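Notes follow once the structure below has been shown.
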Amino acid sequence: MPRRYAIYDVFTDTRLAGNPLAVVFDADDLDDGTMQRIAGEFNLSETVFVRTPENPAHSARLRIFTPGRELPFAGHPTVGAAIAIAEAGEGGEAGPRDLVSVLEENVGPVRCAVRLGARKAAFAEFDVPRKAARLEAAFDRQALADAFSLKPGQIGFENHVPSLWSAGVAFVMIPVHDLAAAAAVEFDPTLWERCAPFAEGRLASAYLYCRGGVNHVARFHTRMFAPDMGIAEDPATGAAVAAMSGAIHFFDKLVDGHHPLLIEQGVEMGRPSLIHLHLDIAGGTIAGARIGGEAVRIASGTLDL
Numbered sequence: 008m009p010r011r012y013a014i015y016d017v018f019t020d021t022r023l024a025g026n027p028l029a030v031v032f033d034a035d036d037l038d039d040g041t042m043q044r045i046a047g048e049f050n051l052s053e054t055v056f057v058r059t060p061e062n063p064a065h066s067a068r069l070r071i072f073t074p075g076r077e078l079p080f081a082g083h084p085t086v087g088a089a090i091a092i093a094e095a096g097e098g099g100e101a102g103p104r105d106l107v108s109v110l111e112e113n114v115g116p117v118r119c120a121v122r123l124g125a126r127k128a129a130f131a132e133f134d135v136p137r138k139a140a141r142l143e144a145a146f147d148r149q150a151l152a153d154a155f156s157l158k159p160g161q162i163g164f165e166n167h168v169p170s171l172w173s174a175g176v177a178f179v180m181i182p183v184h185d186l187a188a189a190a191a192v193e194f195d196p197t198l199w200e201r202c203a204p205f206a207e208g209r210l211a212s213a214y215l216y217c218r219g220g221v222n223h224v225a226r227f228h229t230r231m232f233a234p235d236m237g238i239a240e241d242p243a244t245g246a247a248v249a250a251m252s253g254a255i256h257f258f259d260k261l262v263d264g265h266h267p268l269l270i271e272q273g274v275e276m277g278r279p280s281l282i283h284l285h286l287d288i289a290g291g292t293i294a295g296a297r298i299g300g301e302a303v304r305i306a307s308g309t310l311d312l
């Protein structure tokens, strides 16, 4: 049967930038295998399927697939789906308005706030459903450098060293010296598979970061590589930023209070993205974390399935 879909560019207010996302509506009757094949057909970093929620008080049940596998949680599908569902429900009503929704994901319920505007790109922000936790792992700096065509001295800055974190999906946080080192990266998935740890039953993905950004407002510049997910490189990765929140707090020893951070990604791909991260620190620990960004619709249509 025909079913609606839309393509959104997420973590950007500019079409043909950010991270493209396919949103498939009316997906209740699609089985796991069919959803995985549809995700492979779109061949984007992620495709999200919108289903009827199990709790009628919630807005939707989401299933999130990369071209290679299903994810329990991901940031850009959460932001994009929240905006797509809100825009579809509002039916083109004019004027800015704020909405709150709860989206059911495999990681659990995710609370989202959406701001729709008559002219500006829509913005969505969600509460990170699981606090970042550091996982045990040991790293060979030379092996990491080889996997990214860097010198060992380019791995790490200040007191930041490679570490493994998860807020639902595991990522190796790899600090690199500066923007020049980040730009020089040539990722070798075969060498990565030899040195990367397995975490939560999967090969962990790589999230490189350094301070600063090409965009002067960015506090961190990042790149993400995930061969296990079927993603050569990702333009924007909310789940990685959720995990990175733990590394930022651990290594930078953030003081109690509110810390707004802008994180850029996708620059080297020609798909610049800006991810909003808000950390609330209380008693020396992360009391709460929120991730947000803008999204713009670029296409819509029907799947003849």
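Heads up, the sequence shown is in this note's numbering, so the first residue is 8 and it goes up one at a time.
Beta carbons: idealized from backbone N, C-alpha and C, even for Gly.
These figures come from a predicted structure and were not determined experimentally.
Same chain, Cβ closer than 8 Å to Ser280, five either side skipped, listed in chain order
If you number the sequence shown from 1, residue 280 lands on position 273. Non-local beta-carbon contacts of Ser280 in its own chain, meaning distances under 8 Å to residues more than five positions away in sequence, involve Val17, Phe18, Thr19, Ala24, Gly25, Asn26, Pro242, Ala243, Glu271, Gln272, Gly273, Gly300 in chain order.
C-alpha gap between Arg261 and Thr309, whole angstroms
For the purposes of this step, residue 261 is taken as residue 254 along the sequence shown, with counting starting at 1. For the purposes of this step, residue 309 is taken as residue 302 along the sequence shown, with counting starting at 1. The residue you asked about is not Arg; residue 261 is Leu in the sequence shown. The C-alpha of Thr309 is placed about 47 Å away from the C-alpha of Leu261.
8 Å contact criterion, which Ala64 and Arg58 should meet: CB distance rounded
Translated into the one-based positions of the sequence shown, residue 64 becomes position 57. Translated into the one-based positions of the sequence shown, residue 58 becomes position 51. About 15 Å separates the CB atoms of Ala64 and Arg58; that is not less than 8 Å, and the two are not in contact.
Could you check if Val107 is buried or exposed, using at least 16 other CB atoms within 10 Å of its CB as the buried criterion?
The residue you call residue 107 lines up with position 100 of the sequence shown. Val107 comes out exposed.
So, helix, strand or coil for Ala258, using DSSP?
Within the sequence shown, numbered from 1, the residue matching residue 258 stands at position 251. Looking at the sequence shown, residue 258 is not Ala but Phe. In the structure shown, Phe258 sits in a helix (DSSP, three-state: H, G or I).
Using the C-alpha atoms, what's the distance from Ala247 back to Phe80?
In the sequence shown, counting from the first residue as 1, residue 80 sits at position 73. In the sequence shown, counting from the first residue as 1, residue 247 sits at position 240. Approximately 10 Å, taken between the alpha carbons.
May I have the straight-line CA-CA distance separating Glu111 from Pro136, to the nearest angstrom?
Residue 111 sits at position 104 when you count from the first residue of the sequence shown. Residue 136 sits at position 129 when you count from the first residue of the sequence shown. C-alpha of Glu111 to C-alpha of Pro136: approximately 11 Å in a straight line.
With three or more C-beta pairs closer than 8 Å as the rule, is the region 210 to 221 touching the region 172 to 185?
By the Cβ criterion, the region 172 to 185 is in contact with the region 210 to 221, since at least three pairs of Cβ atoms, one from each stretch, lie closer than 8 Å.
In the DSSP assignment, what residue or residues form a beta bridge with Cys217?
As a working note, residue 217 is residue 210 in the sequence shown. The secondary-structure analysis by DSSP pairs Cys217 across a beta bridge with His228.
DSSP has Trp172 in a bridge; who is on the other side?
Residue numbering aside, residue 172 sits at position 165 when the sequence shown is read from its first letter. Paired residues: Arg141, Phe178.
Every unbroken alpha helix (DSSP H) inside the region 232 to 309 [4 residues or more]
You should have 245 to 259.
Please give the ranges of any alpha helix (DSSP H) in the region 41 to 101, keeping only runs that are unbroken, at least 4 residues long and fully inside the region.
Taking only runs of at least 4 residues, the alpha helix (DSSP H) segments lying wholly in the region 41 to 101 are 82 to 97.
If we call anything under 8 Å between Cβ atoms a contact, is Gly87 one with Tyr12?
Translated into positions along the sequence shown, residue 87 becomes position 80. Translated into positions along the sequence shown, residue 12 becomes position 5. Cβ distance not < 8 Å, so Gly87 and Tyr12 don't count as in contact.
Within 10 Å of its beta-carbon, does Ala294 have 16 or more other beta-carbons around it, so buried, or fewer, so exposed?
As a first step, residue 294 is located in the sequence shown; it is residue number 287 there, counting from the start. When all chains shown are included, Ala294 counts as exposed.
Throw me the rounded Cβ distance for the Leu171 and Ala206 pair, which I believe falls under 8 Å.
Within the sequence shown, numbered from 1, the residue matching residue 171 stands at position 164. Within the sequence shown, numbered from 1, the residue matching residue 206 stands at position 199. Leu171 to Ala206, Cβ: 6 Å. Contact.
So, does the CB of Asp259 fall closer than 8 Å to a CB anywhere in chain B?
You won't find chain B in this structure, because it holds only one protein chain.
My assumption, with CB atoms under 8 Å, is that Pro159 sits in contact with Val168. Please give the rounded CB distance.
As a first step, residue 159 is located in the sequence shown; it is residue number 152 there, counting from the start. As a first step, residue 168 is located in the sequence shown; it is residue number 161 there, counting from the start. Contact doesn't hold; Cβ gap of about 12 Å is too wide.
What residues in its chain sit with their C-beta under 8 Å from that of Ala289, if we drop five residues either side in the sequence?
On the sequence shown, position 282 is the one that residue 289 refers to. Correct list, in chain order: Asp263.
Whole-angstrom distance between Leu123 and Ala129, CA atom to CA atom
As a working note, residue 129 is residue 122 in the sequence shown. As a working note, residue 123 is residue 116 in the sequence shown. Going from the Cα of Ala129 to the Cα of Leu123 covers about 5 Å.
Please state whether DSSP places Asp311 in a helix, a strand or coil.
Counting from 1 along the sequence shown, the entry for residue 311 is found at position 304. It is a strand residue.
Roughly how many angstroms separate the alpha carbons of Leu37 and Val224, rounded to a whole number?
If you number the sequence shown from 1, residue 37 lands on position 30. If you number the sequence shown from 1, residue 224 lands on position 217. About 42 Å.
Which one of Met236, Tyr216, Asp35 has the shortest CA to CA distance from Phe258?
Taking the sequence shown and counting its residues from 1, one reaches residue 258 at position 251. Nearest C-alpha to Phe258 among Met236, Tyr216, Asp35: Tyr216.
Measuring alpha carbon to alpha carbon, tell me which of Asn50, Val55, Phe49 ends up nearest Asp33.
Taking the sequence shown and counting its residues from 1, one reaches residue 33 at position 26. Nearest of Asn50, Val55, Phe49 to Asp33, Cα basis: Val55.
Keeping to the same chain, check which residues put their C-beta closer than 6 Å to that of Gly365; ignore five residues upstream and five downstream.
A query on residue 365 cannot be resolved here, the shown segment of the chain reaching from 8 to 312 and no further.
Could you check where the alpha helix (DSSP H) with Ala34 kicks off and where it finishes?
In the sequence shown, the residue the question calls residue 34 occupies position 27. Counting along the chain, Ala34 falls outside any alpha helix (DSSP H), and DSSP gives it neither H nor E.
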